[in-house]
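2 protein chains.
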Amino acid sequence: MARIAYVNGSYVSTANAYVHINDRGYQFADGVYEGISIRYNKLIDLEAHLDRLWRSMDELAIISPMGRRPMAIIFNEVMRRNRIRDGFIYVQVTRGVATRDHGFPDYAKPALIVTCRRLNFDAVRQRAASGVAASTQPDIRWGRCDIKSTALLPNILAKQAAREEGAFEAVLVDKEGFVTEGSSTNMWIVKAGHLITRSTSDNILSGITLARIKEIASELDITIEERAFSVTEAKEADEMFFTSSTNCTMPIVKLDDKKISDGTPGPVAKRLLDAYFDYTDN
Amino acid sequence: MARIAYVNGSYVSTANAYVHINDRGYQFADGVYEGISIRYNKLIDLEAHLDRLWRSMDELAIISPMGRRPMAIIFNEVMRRNRIRDGFIYVQVTRGVATRDHGFPDYAKPALIVTCRRLNFDAVRQRAASGVAASTQPDIRWGRCDIKSTALLPNILAKQAAREEGAFEAVLVDKEGFVTEGSSTNMWIVKAGHLITRSTSDNILSGITLARIKEIASELDITIEERAFSVTEAKEADEMFFTSSTNCTMPIVKLDDKKISDGTPGPVAKRLLDAYFDYTDN
Numbered sequence: 700m701a702r703i704a705y706v707n708g709s710y711v712s713t714a715n716a717y718v719h720i721n722d723r724g725y726q727f728a729d730g731v732y733e734g735i736s737i738r739y740n741k742l743i744d745l746e747a748h749l750d751r752l753w754r755s756m757d758e759l760a761i762i763s764p765m766g767r768r769p770m771a772i773i774f775n776e777v778m779r780r781n782r783i784r785d786g787f788i789y790v791q792v793t794r795g796v797a798t799r800d801h802g803f804p805d806y807a808k809p810a811l812i813v814t815c816r817r818l819n820f821d822a823v824r825q826r827a828a829s830g831v832a833a834s835t836q837p838d839i840r841w842g843r844c845d846i847k848s849t850a851l852l853p854n855i856l857a858k859q860a861a862r863e864e865g866a867f868e869a870v871l872v873d874k875e876g877f878v879t880e881g882s883s884t885n886m887w888i889v890k891a892g893h894l895i896t897r898s899t900s901d902n903i904l905s906g907i908t909l910a911r912i913k914e915i916a917s918e919l920d921i922t923i924e925e926r927a928f929s930v931t932e933a934k935e936a937d938e939m940f941f942t943s944s945t946n947c948t949m950p951i952v953k954l955d956d957k958k959i960s961d962g963t964p965g966p967v968a969k970r971l972l973d974a975y976f977d978y979t980d981n
Numbered sequence: 700m701a702r703i704a705y706v707n708g709s710y711v712s713t714a715n716a717y718v719h720i721n722d723r724g725y726q727f728a729d730g731v732y733e734g735i736s737i738r739y740n741k742l743i744d745l746e747a748h749l750d751r752l753w754r755s756m757d758e759l760a761i762i763s764p765m766g767r768r769p770m771a772i773i774f775n776e777v778m779r780r781n782r783i784r785d786g787f788i789y790v791q792v793t794r795g796v797a798t799r800d801h802g803f804p805d806y807a808k809p810a811l812i813v814t815c816r817r818l819n820f821d822a823v824r825q826r827a828a829s830g831v832a833a834s835t836q837p838d839i840r841w842g843r844c845d846i847k848s849t850a851l852l853p854n855i856l857a858k859q860a861a862r863e864e865g866a867f868e869a870v871l872v873d874k875e876g877f878v879t880e881g882s883s884t885n886m887w888i889v890k891a892g893h894l895i896t897r898s899t900s901d902n903i904l905s906g907i908t909l910a911r912i913k914e915i916a917s918e919l920d921i922t923i924e925e926r927a928f929s930v931t932e933a934k935e936a937d938e939m940f941f942t943s944s945t946n947c948t949m950p951i952v953k954l955d956d957k958k959i960s961d962g963t964p965g966p967v968a969k970r971l972l973d974a975y976f977d978y979t980d981n
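Sequence order for the protein chains is A and B. The first sequence begins at 700 in our numbering and counts up one residue at a time. The second sequence begins at 700 in our numbering and counts up one residue at a time.
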């Protein structure tokens, strides 16, 4: 964690970065967030992240404490003060401090925190070169996974369960046996050279990296089928990978006890990862 | 909100009651809570609340920062320092402060906050004398509603939606049209003199007041059927009411646009409320 954080109007030492116990983010998960990667001092897909943050706030009727431009200035200032060239900006907006009551208060001032941390994208690239194991976990989340809210308890439980099974990421599976997404990532498979990924209108988060990879795939003339795929289908796929701001395009080489293809990253995921780094680094 | 709060080892002014921004309760809703009512300086059903708090922590593998007795001492001390005779203790335990990462940290020290506030139980009794309106809202919560977690975003959205429709409480309804519970309460109906309430093994919270009312009903020789009931059944019931620590036994006299019976509180709810106050006040 970097030294300086932005908390409700001030740049403070992270050691002294506090919010009130009656912040509704703390007692009700009444907040939304974004994670934005930083490459060579540039915020990757900033506008798309701001669009999604504003959409999440709109869905919860949280009024942003400031406009998009002032917020972007804070992101850059947090990045600058912490001297982060490659890393990750975390921004969280909550409904603010109010006496505990389930209904929305009419007087709370929304709270805003912005932090950042360093991230080694070479390590991400190295991890992608060998791929990771994933494990299936039941998707027991709520009905509005399109909102990027801080009510992440099911996500962290799934991630932890996966980790305890020796896996790097959880693959969330709905009651019908279809993959929804990862604990904090979007899931993809490759079959006969074309990509399959669940539609983002199907109660999953509309991933920013997912959208970027879709564009890149289109430029590379790789076709995409937007539909739900089952765990069985995933285990028999030619490739499987997930996308997220910090993992970019990460091959899954083993799902539960089943190797995906020959258990090494496939050519499509590699090609997309290279193209994604071309995009972020230029 | 009372003047003094307990926060991670200290009794502090509520105005200065802060937690770190990296408290996982703030970023992941990685925490649990209880609300315990206070009548004549006595914590009502304290042991049952502690049992449930410990169960919630166990389910999330959060290690309590202290034992039950020291925690109860803090509840009493917060009550005493704030001179609360009739009110409400709020306790929240989170997994603690850690660098943001979905999986559980192995070094975080669980965080504990305890607050209290005054509550006028005469006002509750008055409200119960006229009853309240409720409105049905789709239950879009996650699959582990048995855990009293702070991931309450769906609950607050339901409560707010109900409030915007002029109702006091939301009646959550599953996809099959059956009532699950309220936004922070348990739901009951009365038919031909006997009580019907959903089984607490059916993905709802095991209400402490619900359990107490079950005991009281049994003492009063009122039979209870533990099963799911539909919205249609509720609208045609002789009585409908909900239970919670702060609402005790609250009659619902109108559900959406339909009056329950003649639109006034019924005799069974009244009898249970009187018996509940007899229990808490003696």
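The C-beta atom is built at its ideal place from N, Cα and C for all residues, glycine as well.
Please tell me whether residue i has its Cβ less than 9 Å away from any Cβ of chain A.
i: Y806(B); result: no
i: W841(B); result: yes
i: G795(B); result: no
i: Q825(B); result: no
i: L852(B); result: yes
i: S883(B); result: yes
i: V718(B); result: yes
i: F877(B); result: no
i: S848(B); result: yes
i: R817(B); result: no
i: L653(B); result: A question about residue 653(B) goes unanswered here, because the residues of chain B that appear run from 700 up to 981.
i: A674(B); result: This structure cannot speak to residue 674(B), because chain B is shown only from 700 to 981.
i: Q836(B); result: no
Exposed or buried, which one is residue i when buried takes at least 16 other CB atoms within 10 Å?
i: K958(A); result: exposed
i: L919(A); result: exposed
i: D980(B); result: exposed
i: Y739(A); result: exposed
i: T835(B); result: buried
i: G876(A); result: exposed
i: N854(A); result: buried
i: D977(A); result: exposed
i: P809(A); result: buried
i: T896(B); result: buried
i: D757(B); result: exposed
i: G795(B); result: buried
i: A714(A); result: exposed
i: G766(A); result: exposed
i: P964(A); result: buried
Name, in chain order, the residues that DSSP records as bridge partners for residue i.
i: L954(A); result: A833(A), K957(A)
i: L811(B); result: V792(B)
i: S709(B); result: V706(B)
i: E925(A); result: T896(A)
i: T931(B); result: Paired residues: none, contrary to the question.
i: W887(B); result: T896(B), F940(B)
i: D722(B); result: V796(B)
i: Y717(A); result: H719(B)
i: F727(A); result: The partner list for F727(A) (beta bridge, DSSP) is empty, contrary to what the question assumes.
i: M866(A); result: Looking at the sequence itself, residue 866(A) is Ala, so the reference to Met does not match. Answer is none; A866(A) lacks a bridge partner.
i: R816(B); result: F787(B)
What whole-angstrom Cβ distance do residue i and residue j have, given they're in contact under 8 Å?
i: C815(A); j: A701(A); result: 5 Å
i: V718(B); j: I761(B); result: Rounded, the Cβ-Cβ distance is 15 Å, inconsistent with contact.
i: I907(B); j: H748(B); result: 6 Å
i: E868(B); j: A822(B); result: 16 Å between Cβ atoms; not a contact.
Going by CA-CA distance only, name the one from the options that's closest to residue i.
i: T879(B); options: T899(B), L759(B), I783(B); result: T899(B)
i: F787(A); options: G965(A), K808(A), R817(A); result: R817(A)
i: R779(A); options: F877(A), Y705(A), L972(A), M949(A); result: Y705(A)
i: M949(B); options: S905(B), G766(B), G881(B); result: G881(B)
i: E864(A); options: G708(A), I895(A), D956(A); result: D956(A)
i: H801(A); options: R862(B), I703(B), K808(B); result: R862(B)
i: V711(A); options: E776(A), T945(A), P764(A); result: E776(A)
i: R784(A); options: S736(A), S917(A), S883(A), I846(A); result: S736(A)
i: G724(A); options: L811(A), G842(A), W753(A); result: L811(A)
i: R751(A); options: I923(A), G965(A), P964(A), S905(A); result: S905(A)
i: R911(A); options: H893(A), N885(A), K934(A), D901(A); result: N885(A)
i: T922(B); options: A933(B), C947(B), A891(B); result: A891(B)
i: Y732(B); options: R824(A), S943(A), A716(A), F727(A); result: F727(A)
i: K934(A); options: T945(A), S944(A), C947(A), V952(A); result: V952(A)
i: F941(A); options: S929(A), A828(A), A968(A); result: A968(A)
Would you please verify whether the beta carbon of residue i is less than 9 Å from any beta carbon of chain B?
i: D722(A); result: yes
i: I762(A); result: no
i: G802(A); result: yes
Check whether the Cβ of residue i lies closer than 9 Å to any Cβ atom in chain E.
i: L856(A); result: Absent from the structure is chain E; the protein chains it does hold are A and B.
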